[in-house]
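Structure, as structure tokens:
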Amino acid sequence: MKIHRVTLPTPFAIGPVNTYLIEDEELALIDTGPKMVKTSDALQNGLRDLGYTFADLKHIIITHAHEDHFGQARFLKEQSGARVYAHKASLPMLEGLESEFDLRYNVYRRRLMRNAGAPEEVILAVQPIVDSFKESAEAVAVDEALEDGDVIHVGRTQLQVIYTPGHAAGAMCLHHPGDKILFSGDHLLPDVSSNAVIDAPLDCGDCRRRSLVEYISSLRLIQAMGLDLVYPAHGDEIRDHRTLIEQRLAFYETRKSAILGALGDGEKTPYQLSRKLFPAIREFEIFLALSEVIGHLDLLENEGKVAWRMSDGVVRYRRGTASG
Ligand SMILES: [Zn+2]
Ligand SMILES: [Zn+2]
0 MKIHRVTLPT
10 PFAIGPVNTY
20 LIEDEELALI
30 DTGPKMVKTS
40 DALQNGLRDL
50 GYTFADLKHI
60 IITHAHEDHF
70 GQARFLKEQS
80 GARVYAHKAS
90 LPMLEGLESE
100 FDLRYNVYRR
110 RLMRNAGAPE
120 EVILAVQPIV
130 DSFKESAEAV
140 AVDEALEDGD
150 VIHVGRTQLQ
160 VIYTPGHAAG
170 AMCLHHPGDK
180 ILFSGDHLLP
190 DVSSNAVIDA
200 PLDCGDCRRR
210 SLVEYISSLR
220 LIQAMGLDLV
230 YPAHGDEIRD
240 HRTLIEQRLA
250 FYETRKSAIL
260 GALGDGEKTP
270 YQLSRKLFPA
280 IREFEIFLAL
290 SEVIGHLDLL
300 ENEGKVAWRM
310 SDGVVRYRRG
320 TASG
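Shown next as structure tokens:
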């Protein structure tokens, strides 16, 4: 097996996305980049430099259903007839993009921001970003819905699926045990801490995932693995994943303390906490700030350090136990 990194432009704040070409008797692409002329040109050039065209792709593996990772999967599938692989929890977004996108971004996220105490003008300020996401992807039919432990065969190369929910519900990593390498998608990135995106509103009870709680247990799963090299979807290869994960875990502790400090002895909405913690944030970034704060509040609630109550559709947190 040979691994080639092809870095592609995106219109998003995260910057370029890494796709990986796995070259064996067959050719596989891990992640696709967003649907954008500049991106497909860059991928075409990257393939051509290696002596290939789109038509040579046999497998397209999607690490998770975010637009910078699957946006041009449909286009590539049409060009090549490649089989498309993703974790089964990514299917609602990948296959039902139109309705799922509307539900998540325009219904759930708006309600979550209202629940968190964000004013209407702030909620509306996020809309241009949401629209740019939507323009960057097309729905794609998945041929292989994967589960943890499944194996993808690329010629003689076998890649094992490690299910790592948190950053996204269907996030997965790909492990090659023989070479001790892992393709981490956005689960572990060298330069930024991955946001464990909250998908559902705060008032929908069981339907809301505790994304950061899930993310941290997925991080510990990777930390326990013996790996020589991690190939992330943004930034350079990671050589010492254990130290990096230690740093990330320490960072969550620091941020939990900062949130408890910001909470003081009164009651605060997640929106008020976000403003205190991230005073310099731009309006359109408020959703990610809220997602961070709510994730840490979930951790603190699990530890019995904060409790919340919902009144008039807005959730308010205080120190202590007994939520509701
Ligand atoms: Zn992502
Ligand atoms: Zn990404």
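Residue numbers (numbering that gives the first Met the number 0): 0 to 323.
Ideal Cβ positions, reconstructed from N, Cα and C, are used throughout, including at glycine.
Let's see if you can read the secondary structure: which residues bound the beta strand (DSSP E) around residue 44? Locating residue 44 in the sequence shown gives position 45, counting from the first residue. Counting along the chain, residue 44 falls outside any beta strand (DSSP E), though it belongs to the alpha helix (DSSP H) covering 36 to 48.
Would residue 161 be called buried (16 or more neighbouring beta carbons within 10 Å of its own) or exposed? To locate residue 161, count along the sequence shown from 1; it is residue 162. Counting of Cβ neighbours within 10 angstroms places residue 161 among the buried residues, the total reaching 16 or more.
Got a sec: does ligand 2 put a non-hydrogen atom nearer than 6 Å to the Cβ of residue 65? Position 66 of the sequence shown, counted from the first residue, corresponds to residue 65. Within 6 Å of the C-beta of residue 65 there is at least one heavy atom belonging to ligand 2.
In the DSSP assignment, what residue or residues form a beta bridge with residue 53? Residue mapping note: residue 53 aligns to position 54 of the sequence shown, counting from 1. According to DSSP, residue 53 bridges with nothing at all.
Report the residue ranges of all alpha helix (DSSP H) runs contained in full by the region 198 to 222; include only those spanning at least 4 residues, in chain order. DSSP runs (the alpha helix (DSSP H)) wholly in the region 198 to 222: 210 to 222.
Go ahead and label residue 136 buried or exposed: buried means 16 or more other beta carbons lie within 10 angstroms of its beta carbon, across all protein chains shown. By 1-based counting over the sequence shown, the position of residue 136 is 137. By the neighbour-count rule (16 or more Cβ atoms within 10 Å), residue 136 is buried.
Consult DSSP for residue 11 and reduce its assignment to one of helix, strand or coil. As a working mapping, residue 11 is identified with position 12 in the sequence shown. Of the three classes helix, strand and coil, the one that applies to residue 11 here is coil, per DSSP.
Using 6 Å as the cut-off, classify the Cβ of residue 30 as near or not near the heavy atoms of ligand 1, replying yes or no. Taking the sequence shown and counting its residues from 1, the one referred to as residue 30 is at position 31. Result no, Cβ not under 6 Å from ligand 1.
Exposed or buried, which one is residue 262 when buried takes at least 16 other CB atoms within 10 Å? Along the sequence shown, read from residue 1 onward, the residue named residue 262 stands at position 263. Residue 262 sits buried, since 16 or more C-beta atoms from the chains shown fall within 10 Å of its C-beta.
With respect to 6 Å, is the separation between the Cβ of residue 185 and the closest non-hydrogen atom of ligand 2 below this value? Your numbering for residue 185 matches position 186 in the sequence shown. Distances between the C-beta of residue 185 and the heavy atoms of ligand 2 include at least one below 6 Å.
Using only the heavy atoms of ligand 4, determine whether one of them is closer than 6 Å to the beta carbon of residue 232. Absent from the structure shown: ligand 4. Ligands present: ligand 1 and ligand 2.
Give the range of the alpha helix (DSSP H) segment to which residue 68 is assigned. For the purposes of this step, residue 68 is taken as residue 69 along the sequence shown, with counting starting at 1. Following the DSSP letters along the chain, one finds residue 68 inside the alpha helix (DSSP H) bounded by residues 66 to 69.
Determine the closest residue to residue 193 out of 154, 217, 307 and 204, with distance taken between C-alpha atoms. Reading the sequence shown from its first residue, position 194 is the one you call residue 193. The residue with the shortest Cα to Cα distance from residue 193 is 217.
Three-state secondary structure (DSSP) of residue 240: By one-based count along the sequence shown, residue 240 stands at place 241. Helix.
Where the alpha helix (DSSP H) containing residue 110 begins and where it ends: Within the sequence shown, numbered from 1, the residue matching residue 110 stands at position 111. Run containing residue 110: 108 to 114, per the alpha helix (DSSP H) assignment.
Whose CA, out of 64, 236 and 139, lies closest to the CA of residue 166? Position 167 of the sequence shown, counted from the start, is the residue given in the question as residue 166. When only C-alpha atoms are compared, the closest one is 64.
Determine the extent of the alpha helix (DSSP H) in which residue 274 is found, giving its start and end residues. Indexing the sequence shown from 1 puts residue 274 at position 275. Unbroken alpha helix (DSSP H) run through residue 274: 269 to 276.
Excluding the 5 residues flanking residue 312 on each side, which residues of the same chain have their C-beta closer than 8 Å to its C-beta? What you label residue 312 is simply residue 313 of the sequence shown in a count that begins at 1. Correct list, in chain order: 113, 114 and 202.
What residues match up with residue 21 in a beta bridge as DSSP calls it? Counting from one through the sequence shown, the residue named residue 21 turns up at place 22. Answer is 2 and 27.
7 Å CB neighbourhood of residue 116 in its chain, flanking five on each side removed: Residue mapping note: residue 116 aligns to position 117 of the sequence shown, counting from 1. Excluding positions up to five away in sequence, the list reads 268, 269, 270, 271 and 313.
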